[in-house]
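Residue numbers (UniProt numbering): 1 to 465. Okay, structure first, notes after.
Printed below as a string of structure tokens:
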């Protein structure tokens, strides 16, 4: 459970090497994956080959990057050369291995990181919990009777339990931040285009790729690796001018922070409300100028549904006319209700809502540097369910009100742990910045993390190791 930044220090000093780090990660898979179901593929041979090559580079004093030798897993939505990408669906052929990497995978290989496995996802990453007909239920590392969140739930559970130092997930409506909050880790949805996406997502410009780690510093280090242009993505941004790690310790002195507990339409569990307000007090103590604001936003869920499930309908169309009868019943129902019936006018109306929301957030950031909210209004609920017991809706957007708006606006949004419920379940704090202010968001997160010790807590099952 050593952070990647400290692993690399150990590689540099010769205290241990990448082979040791990989073996510890593989042991964590053996010890805990049966309880949480975080992985769909582990390739020990490929991992050891990469780790041994990295160890030789460190021994020769020629590492490829500050991430050389760090063990990593990747969500099974992202293409990996030589391995299948099943996307949690029985519609995808299991025996088809890709001959190309997605940009995120390619950048990891170029950095020398040790890729050794792939993580569970719900079917085509469509929802906020991680279960599928193909791979079953992924469970919470803090309490396996609870959900890990989704759709990058396998990546979150693996990271929390040391099955690799970090992972790479996708986020089209909260999919790194929801499981990040439920699983007690750090996860960032970067500014859209900062991490290239290829093949292009059917969910369009809602879909982001982001780092999932145990510390903010590791998040910045992994973003340095991932945030490099790729010609296959027409919307990719230029490479950052400086490392995201460089300004990480600048603190929040004088930073103007808007705190919205509910965005104007959410409702929080009392334990979540209490933990987040305490976190906001910590930011004030660290020197930030915090003001609670009443945003009075209207929930953009209806517009998001048109955009999201039109994309899901497009995904399924590629698998033929019978695809809806072979997938997760919840996915099929949502596609029929929101995706198949949407017209071009509906899509344009939803886009107008999206643009108005972006304008409103742009206006907010004329006054405030960052916005702070709860990541989730609730802690993790029973695994295998689409929503908490007694919830008025079974649709995942009904209990994730603070994540999908920022996919619509394409802003950077970070979740990091800010406390626990009385039952020991993690609670997440979300820090949102204006577009292209990823470094600022990470700096604010680092300041909060340095003032607290939530990131040092370990899931109970690790205490038995």
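Note that the Cβ used here is the ideal one computed from N, Cα and C, for glycine as well. The model shown is predicted, which means the values in this text are computed figures rather than measured ones.
Per DSSP, the unbroken alpha helix (DSSP H) holding residue 446 starts and ends at 438-451.
Cβ contact annotation for residue 332 (same chain, cutoff 6 Å, sequence separation greater than five): 324, in chain order.
A distance below 6 Å between beta-carbons, with the five flanking residues on each side excluded, links residue 421 to the following residues of its chain, in chain order: 271 and 379. DSSP places residue 299 in the coil class of the three-state scheme, outside both helix and strand. With a cut-off of 8 Å on Cβ pairs, the region 371-387 is in contact with the region 146-156, counting three or more such pairs. When secondary structure is reduced to three states using DSSP, residue 119 falls in the strand class. Taken in chain order, the unbroken stretches of beta strand (DSSP E) that lie wholly in the region 77-151 and span 3 residues or more are 114-119. Rounded to the nearest angstrom, the Cβ distance from residue 117 to residue 171 is 20 Å, too far for a contact under 8 Å. Take the alpha-carbon of residue 310 and the one of residue 295: they are about 29 Å apart. In the three-state DSSP reduction, residue 429 falls in the strand class (E or B). Beta-bridge partners of residue 167 (DSSP): 73 and 212. DSSP, reduced to helix, strand and coil, places residue 289 within a strand of the structure shown. Between residue 132 and residue 179, the alpha-carbon positions lie close to 16 Å from each other. When DSSP states are grouped into helix, strand and coil, residue 187 belongs to the strand group. In this structure the region 359-374 does not touch the region 339-349; the number of beta carbon pairs closer than 8 Å is below three.
With the rule of 3 Cβ pairs closer than 8 Å, the region 452-460 counts as touching the region 401-420.
Closest option to residue 72, judged by alpha-carbon separation, among 156, 190 and 279: 156. Setting aside the 5 residues that flank it on each side, residue 15 has no residue in the same chain whose C-beta is closer than 7 Å to its C-beta. The C-alpha of residue 164 is placed about 8 Å away from the C-alpha of residue 26. Remark: C-beta atoms of residue 7 and residue 47 do not approach each other more closely than 8 Å. Looking at the DSSP output, residue 256 sits in a beta bridge with 289. Contact between residue 396 and residue 128 holds: CB atoms are separated by about 4 Å, below the 8 Å threshold. Counting only residues of its own chain and dropping the five nearest sequence neighbours on each side, residue 434 has a CB closer than 6 Å to the CB of 365. C-alpha of residue 54 to C-alpha of residue 74: approximately 19 Å in a straight line. In terms of CA proximity to residue 101, 115 leads the group 88, 402 and 115. The alpha carbon of residue 302 has as its nearest neighbour, out of 158, 401, 68 and 59, the alpha carbon of 401. Around the beta-carbon of residue 107, 16 or more other beta-carbon atoms lie within 10 Å, marking it buried. Cβ atoms of residue 409 and residue 357 come within 8 Å of each other, at about 6 Å. DSSP places residue 239 in no beta strand (DSSP E); its state is neither H nor E. In this structure, DSSP gives residue 16 a state outside helix and strand, which the three-state scheme calls coil. Its chain contains 3, 159, 185, 186 and 455 as the residues whose beta carbon lies nearer than 7 Å to that of residue 214, once the 5 sequence neighbours on both sides are disregarded; these appear in chain order. Out of 200, 202 and 216, the CA that lies nearest to the CA of residue 189 is found in 216. In the displayed model, residue 2 falls within coil according to three-state DSSP, outside both helix and strand. For residue 329, no beta strand (DSSP E) encloses it; the enclosing alpha helix (DSSP H) starts and ends at 329-334. Under the three-state reduction of DSSP, residue 419 is assigned to strand. Sequence-distant Cβ neighbours of residue 312 in its own chain, meaning closer than 8 Å and more than five residues away, are 124, 126, 202, 203, 331, 334, 335 and 339.
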